[in-house]
Amino acid sequence: MARKRMSWILGSVVVVGVALAMGACSSPGGSSTPSSGESDVISPTDTATDTPTDSATTLPSAPAVTNPAASSNMDGIDATGGFGDSPDVTVPAPWAIDSTQTKILVQGDGMTVSQLGWVQVNYYGVNARTGDMFQESYSSGSPVSFALNGVVPGFQKGLAGQKVGTRLIVAMPGADGYDAAGGNSDAGIQVGDTLVFVIDILRTQYTQPTGTPVTPTDTSLPTVSGDVTAPTISIPQNATPPTSLVVQPLITGPDPTLTVQSSDSIVVDYAEYVWSTGTMIRQTYGFSPLNGALSDTLPGWQQALVGQPMGSRLLLVLPPNLAYPQGYSKFGIPSGATMVYVIDILYTYGS
């Protein structure tokens, strides 16, 4: 199933990254040239005159935009269709809501979406002022992935704490949508517009490695110990480092169909050590996971991670030619160093 990252319509800062990219929707409106049957400002039958008039000419003014009174509930907002199907959405436009609210249509029982985690969804967005759909992902068959800290606040509020397999409606006022950006003219979204989204949550990021533990049989390899959220690596003393890539699974993720592809981006926790000294160089544990294209990582990572299930923990040993052949003086890595890693694959998504 094709996947892509979230675009401007969700206010993503990543691209996904978060973001998270989806194709822009067509701008509303048409040609300014009068069509057949329409009269111009001056019709061909009018006769021009230079005769002055005593009264001033008043230009027509634009009609006033009336914002609907904000509702405190989602009564009247509904959607039909099963999980995964493009919904038929009911919005009594013009309509508005006073705060971001959700309505569960199908309750899932999968993993819980974390406040700052990544998520993959299908969605259908309606502008509640007009009742018009402005963007959706169902027709393309391409769900979108994004991080909740990279989208508009209404998405974060609506999805955090929900479970995979859930279909829900999220209604958000302009303050949690695009007011801060001055609206979004390309999508026909004005300041103050309430947005209504039907969302199917397809999967989400692991917060730590999850799956089946694997016990290494090669006792000459480095060992990983400590709490699962704060692992440490011990290098065997006086051991000769291997000269080829070593990929040792320590935990195998639960779903063999969700594996890293060579064209994917990844969200991982990792710690990096130099074999010869046993020194830790960098780590993300206790901080924020690394997010980026697999193709931008070390050659050893690119070889080792392809085909590994999401949720896995790996021990990697990279010979110099697959790590830093010339060293990396900024981090104190000498030329010819063998590098050791523990890596947790928390999420993977296509471009």
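If you're matching positions, the sequence shown starts at 809 in our numbering and goes up one per residue.
Just so you know, even glycine gets a beta-carbon here, dropped at the ideal spot from N, CA and C.
Please read these numbers as outputs of a predicted model, since none were measured by experiment.
Residue i vs residue j beta-carbon contact at 8 angstroms
i: Gly-1019; j: Asp-1001; result: no
i: Thr-910; j: Ile-997; result: no
i: Asp-1152; j: Asp-1077; result: yes
i: Leu-1010; j: Val-921; result: no
i: Phe-891; j: Val-927; result: no
i: Thr-1146; j: Pro-1128; result: yes
i: Gly-1158; j: Asp-1072; result: yes
i: Thr-908; j: Gly-962; result: yes
Distance between residue j and residue i (C-alpha atoms, nearest Å)
i: Ser-1033; j: Gly-1094; result: 16 angstroms
i: Tyr-1136; j: Val-1114; result: 25 angstroms
i: Pro-1117; j: Leu-1130; result: 22 angstroms
i: Trp-1109; j: Thr-888; result: 44 angstroms
i: Asn-1046; j: Thr-1023; result: 23 angstroms
i: Ile-1007; j: Lys-965; result: 13 angstroms
i: Ser-879; j: Thr-898; result: 15 angstroms
i: Ser-993; j: Ser-1052; result: 55 angstroms
i: Thr-901; j: Asp-886; result: Note that residue 901 corresponds to Ala in the displayed sequence, not to Thr. Using only the alpha carbons, I get a separation of about 13 angstroms.
i: Met-830; j: Val-1036; result: Model confidence at Met-830 stands at a pLDDT of 27, short of 50, so the residue's coordinates are unreliable and nothing is read from them.
i: Pro-951; j: Tyr-931; result: 8 angstroms
i: Ser-953; j: Thr-1065; result: 17 angstroms
i: Gln-1134; j: Gly-990; result: 49 angstroms
i: Met-1088; j: Val-1082; result: 7 angstroms
i: Pro-836; j: Met-941; result: Caution applies to Pro-836, whose pLDDT of 34 falls short of 50 and renders its modelled position unreliable; the value that the coordinates give is listed next. Straight-line Cα distance between these residues: approximately 12 angstroms.
i: Gly-939; j: Gly-918; result: 32 angstroms
i: Asp-1026; j: Pro-1044; result: 12 angstroms
i: Pro-1142; j: Pro-1050; result: 17 angstroms
i: Val-1148; j: Leu-1122; result: 11 angstroms
i: Ile-1074; j: Pro-1057; result: 17 angstroms
i: Ser-947; j: Pro-1039; result: 43 angstroms
i: Asp-848; j: Val-999; result: Per-residue confidence for Asp-848 stands at a pLDDT of 27, beneath the threshold of 50, marking its modelled position as unreliable; the derived number appears in the next sentence. So the two alpha carbons sit approximately 32 angstroms from each other.
i: Ser-843; j: Asp-883; result: Residue placement at Ser-843 is poorly supported in this model, since its pLDDT is 36, which falls under 50; the coordinates still yield a value, given next. If you take the alpha carbons of Ser-843 and Asp-883, they lie about 41 angstroms apart.
i: Thr-1105; j: Gly-958; result: 22 angstroms
i: Leu-1029; j: Pro-1107; result: 20 angstroms
i: Asp-862; j: Asn-881; result: For Asp-862, the predicted structure reports a pLDDT of 46, less than 50, and the residue's modelled location is therefore unreliable. A value from the coordinates is still provided. Their backbone Cα atoms lie some 55 angstroms apart in a straight line.
i: Phe-1139; j: Thr-1085; result: 13 angstroms
i: Ser-1103; j: Ala-1112; result: 12 angstroms
i: Lys-971; j: Gly-1144; result: 46 angstroms
i: Thr-1031; j: Ser-1070; result: 27 angstroms
Given residue i as reference, the closest of the options once Cα atoms are compared
i: Ile-905; options: Gln-928, Gly-916 and Ala-936; result: Ala-936
i: Pro-1097; options: Leu-924, Gly-916, Trp-1109 and Ser-1052; result: Leu-924
i: Asp-893; options: Ser-945, Asn-875, Pro-876 and Thr-908; result: Ser-945
i: Leu-1154; options: Gln-1013, Pro-1050 and Gly-958; result: Gln-1013
i: Ala-877; options: Trp-903, Gly-884, Pro-895 and Asp-896; result: Trp-903
i: Gly-933; options: Gly-1144, Pro-895, Val-1075 and Asp-883; result: Pro-895
i: Gly-985; options: Gly-969, Gln-970, Val-960 and Gly-1086; result: Val-960
i: Ile-912; options: Leu-967, Leu-956 and Lys-1138; result: Leu-967
i: Thr-1015; options: Asn-881, Ala-995 and Ala-955; result: Ala-955
i: Ala-995; options: Lys-971, Gln-943, Arg-975 and Thr-1031; result: Gln-943
Distance between beta carbons of residue j and residue i, contact taken as under 8 angstroms
i: Val-1150; j: Ile-1041; result: 6 angstroms
i: Ala-979; j: Val-1004; result: 5 angstroms
i: Ala-1079; j: Gln-1091; result: 4 angstroms
i: Gly-973; j: Gly-916; result: 2 angstroms
i: Val-1055; j: Leu-1124; result: 6 angstroms
i: Ser-1120; j: Pro-1017; result: 6 angstroms
In DSSP terms, what residue i is bridged to
i: Val-1162; result: The requested residue 1162 does not occur in the structure, where the chain is confined to residues 809 to 1159.
i: Pro-1021; result: Ile-1059
i: Lys-971; result: Thr-920
i: Asn-1099; result: Val-1075
i: Thr-1040; result: Ser-1033
i: Tyr-986; result: In the DSSP output, where bridge partners are listed per residue, Tyr-986 has none listed.
i: Ala-1112; result: In the DSSP output, where bridge partners are listed per residue, Ala-1112 has none listed.
i: Leu-1123; result: Gln-1056 and Val-1150
i: Tyr-1136; result: Ile-1141
i: Val-1004; result: Val-934 and Ala-979
i: Asp-886; result: Thr-898
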